[in-house]
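Here's the structure, in structure tokens; my notes come after.
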């Protein structure tokens, strides 16, 4: 089965000479394998006539074509196809009763299409994009089982759905007013008081939505979703912007919900997915071209197979090389000259007060910034960036700063290429930066796309690249892993480290993905205190000391998986949890 996909945003017929048509061997032999549209000037590719030579792919000056060979048996598994040479989806995940179903895979693989199909918003066309789609045809193709029974209910209109969106940072642009007013309007289950307390947002009810931090917006969005009376809850990245303590709180709430309703979760934090989901569907394919859902399997087995990059049941390799989680080795940083230093800082923001003792970051050093939400991490970074004045203390101000904020509020209608040119000039187009950052983060594949059409993960990758591409002494990155899938997180961490080590620069990285912090950091700045009331920055500490101090504060221990060496959260009061807690080893580097 051959799949030919045209990346519409990349195809620019006014800037090429129709190379795909001119060099196609079947076309030269008189066959209409590629026909140029008389209105748009873009090609239509016949998959039945295509011989898969790859010449058109290599000749296209704008990298607009994807042609791949898939197993023939997938042809009967096609669920939806958008157009002749558009994206197509194979198979669907199955909502299960009494179990949390997780979805693991890169962005751009059709998870949103699957959600729309399962919610009834989209009637799958089974690949017949010209015909009229109907539920009876879809249901007839499925074997008897839970998915077929579920879609029968969807067809009959007996399924109601609640969806928590991915990009909660955009909510203040769409919704105005107070948190409490919004949540009371959507409370269809009569759980307002119980759920606001469980989510830890009962103290935010009188606050304006536009004043909320990323973590507070996430919890508000979860509250608004779970208060709706629905049969199925689709939760898209529920842990983004939340600290590890809040992530575990979400885990408990979602697992309690799953005992009553069906729940499907997309989650890229592997440690959270591991403890949250009962079953996991892996989705793989080619971004923007096709996505394939595997049957559900046990969570640990699915995560390890995804990291290994090989699916033994399907005999399919989904990645060139595995994502390796290595046992930690303390980094002995040769302390160069301090780049930024501070001492006895104080900052009052309304009823919140931030304090920080003395500290400094040195050349070629990456400082991870960890701590509960609302304890002043972003405020501290903004003070260092010069965006906030401090009330007392001192900060050295002779360093040039590059800052990536937590919320990416972009109001531009141009392309990614135009965005990069306006921010970085020509330097991003070649050299080490192009290889180590632009290509590593996949930004080179996004150049023709309109900025407004970028997904959350794509916007994040471009924002990281722009931050790292500026000429600066210190790079401040606020939650760079938000919305990135597991593979992209590893690449982002490596890109940040390479940039600091190669150029002997310094960086502060705020993040809540514990392993991301472990990979990227040389030392840790630990925030302690009470969210929204007061916070104090301690450190920077050596990495292991800081991690133990941080995790002991939230009372959570991590171990390593025997096979993949990935970090796994211990169940509270388990034997391993008690052993590590008694030893003061909250983040074990052994299995």
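Numbering (our numbering), first residue to last: 17 to 607. Cβ atoms here follow ideal geometry from the backbone N, Cα and C, with glycine treated the same way.
**Request:** Would you kindly work out how many angstroms separate the C-alpha atoms of residue 170 and residue 230, rounded to a whole number?
**Result:** Rounded to the nearest angstrom, the two C-alpha atoms are 34 Å apart.
**Asked** Exposed or buried, what is residue 69 when buried is set at 16 or more other beta-carbons lying within 10 Å of its beta-carbon?
**Response** By the neighbour-count rule (16 or more Cβ atoms within 10 Å), residue 69 is not buried but exposed.
**Item:** Extent of the continuous alpha helix (DSSP H) run through residue 242
**Value:** From DSSP, the alpha helix (DSSP H) with residue 242 extends over 230-242.
**Prompt:** According to the Cβ coordinates, are residue 477 and residue 457 closer than 8 Å?
**Reply:** Yes, they are a contact pair.
**Request:** List the whole-angstrom C-beta distance separating residue 404 from residue 363, where the pair is believed to meet the contact cut-off of C-beta under 8 Å.
**Result:** The pair is a contact, with the Cβ atoms about 6 Å apart (cut-off 8 Å).
**Asked** From residue 28 to residue 417, what distance separates their C-alpha atoms?
**Response** Approximately 37 Å between the Cα atoms of the pair.
**With 16 other Cβ atoms within 10 Å as the buried cut-off, status of residue 44** = Of the residues assessed, residue 44 falls on the exposed side of the cut-off, its CB having fewer than 16 other CB atoms within 10 angstroms.
**Burial state of residue 465 (16 or more Cβ within 10 Å)** = Residue 465 should be labelled buried.
**Message:** Run through the DSSP bridge pairs and tell me what residue 151 is partnered with.
**Reply:** Under DSSP, residue 151 takes part in no beta bridge, so it has no partner.
**Asked** How is residue 410 classed by DSSP in three states: helix, strand or coil?
**Response** Three-state result, residue 410: strand.
**Helix, strand or coil at residue 329 [DSSP, three-state]** = If DSSP states are grouped into helix, strand and coil, residue 329 belongs with coil.
**Prompt:** What are the start and end residues of each continuous alpha helix (DSSP H) run of 4 or more residues lying completely inside the region 421-477, in chain order?
**Reply:** Qualifying alpha helix (DSSP H) stretches, in chain order: 432-440.
**Asked** Per DSSP, which one or two residues make a beta bridge with residue 295?
**Response** In the DSSP assignment, the residues bridged to residue 295 are 117 and 314.
**Prompt:** To the nearest angstrom, how far is it from the Cα of residue 470 to the Cα of residue 516?
**Reply:** Straight-line Cα distance between these residues: approximately 27 Å.
**Item:** Nearest-angstrom Cβ-Cβ length linking residue 299 and residue 126, presumed shorter than 8 Å
**Value:** Rounded to the nearest angstrom, the Cβ distance from residue 299 to residue 126 is 7 Å, consistent with a contact under 8 Å.
**Message:** Which runs of the beta strand (DSSP E) at least 3 residues long sit entirely within the region 17-91? Give them in chain order.
**Reply:** Correct list: 18-22, 50-52, 59-61 and 81-85.
**Asked** From the DSSP output, which residues share a beta bridge with residue 364?
**Response** Answer is 369.
**Message:** If the criterion is Cβ atoms closer than 8 Å, does the pair residue 339 and residue 130 meet it?
**Reply:** Result no, Cβ atoms of residue 339 and residue 130 do not sit closer than 8 Å.
**Message:** According to DSSP, residue 378 sits in a beta bridge with which residue or residues?
**Reply:** Per DSSP, 354.
**Asked** Cβ atoms of residue 553 and residue 532: under 8 Å apart, would you say?
**Response** Not closer than 8 Å, so no.
**Message:** With distance defined between alpha-carbon atoms, name the residue in 225, 157 and 176 nearest to residue 190.
**Reply:** When only C-alpha atoms are compared, the closest one is 225.
**Asked** Buried or exposed: where does residue 26 fall if 16 or more other Cβ atoms within 10 Å of its Cβ makes it buried?
**Response** Taking a 10 Å sphere around the C-beta of residue 26, we find 16 or more other C-beta atoms and assign the residue as buried.
**Message:** Please identify the residue among 370, 564, 523 and 582 whose C-alpha is closest to the C-alpha of residue 548.
**Reply:** Distance check between residue 548 and each of 370, 564, 523 and 582 places 370 closest, using alpha-carbon atoms only.
**Asked** From what residue to what residue does the alpha helix (DSSP H) around residue 503 run?
**Response** For residue 503, the enclosing alpha helix (DSSP H) covers residues 502-519.
**Asked** Can you tell me whether residue 573 is buried or exposed, with buried defined as 16 or more other CB within 10 angstroms of its CB?
**Response** With a threshold of 16 other beta carbon atoms within 10 Å, residue 573 meets it and is buried.
**Asked** Going by alpha carbons, who is nearest to residue 356 out of 488, 152 and 47?
**Response** Just measuring C-alpha positions, the residue of 488, 152 and 47 sitting nearest residue 356 is 488.
**Prompt:** Using the rule of at least 16 other Cβ atoms within 10 Å of the residue's Cβ for burial, across every protein chain shown, is residue 527 buried or exposed?
**Reply:** By the neighbour-count rule (16 or more Cβ atoms within 10 Å), residue 527 is buried.
**Message:** Taking the alpha carbon of residue 472 as the reference point, which residue from 505, 500 and 512 has its own alpha carbon closest?
**Reply:** With distances taken between Cα atoms, residue 472 lies closest to 500.
**Item:** Contacting residues, own chain, Cβ-Cβ under 7 Å from residue 449 (five flanking each side not counted)
**Value:** Taken in chain order, the residues that qualify are 443 and 485.
**Request:** Please list, in chain order, all residues of the same chain as residue 101 whose beta carbon is under 7 Å from its beta carbon, the five residues on each side excluded.
**Result:** Within the same chain, 20, 21, 22, 60 and 61 come within 7 Å of residue 101 by CB-CB distance, once the 5 residues on both sides are set aside.
**Asked** Can you tell me whether residue 297 is buried or exposed, with buried defined as 16 or more other CB within 10 angstroms of its CB?
**Response** Buried, since its Cβ has 16 or more Cβ neighbours within 10 Å.
**Among 199, 145, 206 and 151, the one whose alpha carbon lies nearest that of residue 134** = Per the C-alpha coordinates, the member of 199, 145, 206 and 151 positioned closest to residue 134 is 151.
**Request:** Might you give, ordered along the chain, the residues of its own chain that have their beta carbon closer than 8 Å to the beta carbon of residue 238, omitting 5 neighbours on each side?
**Result:** Setting aside the 5 residues that flank it on each side, residue 238 is surrounded in the same chain by 180, 215, 251, 254, 266 and 269, each with a C-beta closer than 8 Å to its C-beta; the list follows chain order.
**Prompt:** Hey, residue 539 and residue 556 are a contact pair by Cβ (cut 8 Å); roughly how many whole angstroms apart?
**Reply:** Contact between residue 539 and residue 556 holds, with the beta-carbon distance rounding to 4 Å and staying under 8 Å.
**Request:** Inspect the beta-carbon positions of residue 422 and residue 494 and report whether they are closer than 8 Å.
**Result:** In this structure, residue 494 lies closer than 8 Å to residue 422 by Cβ.
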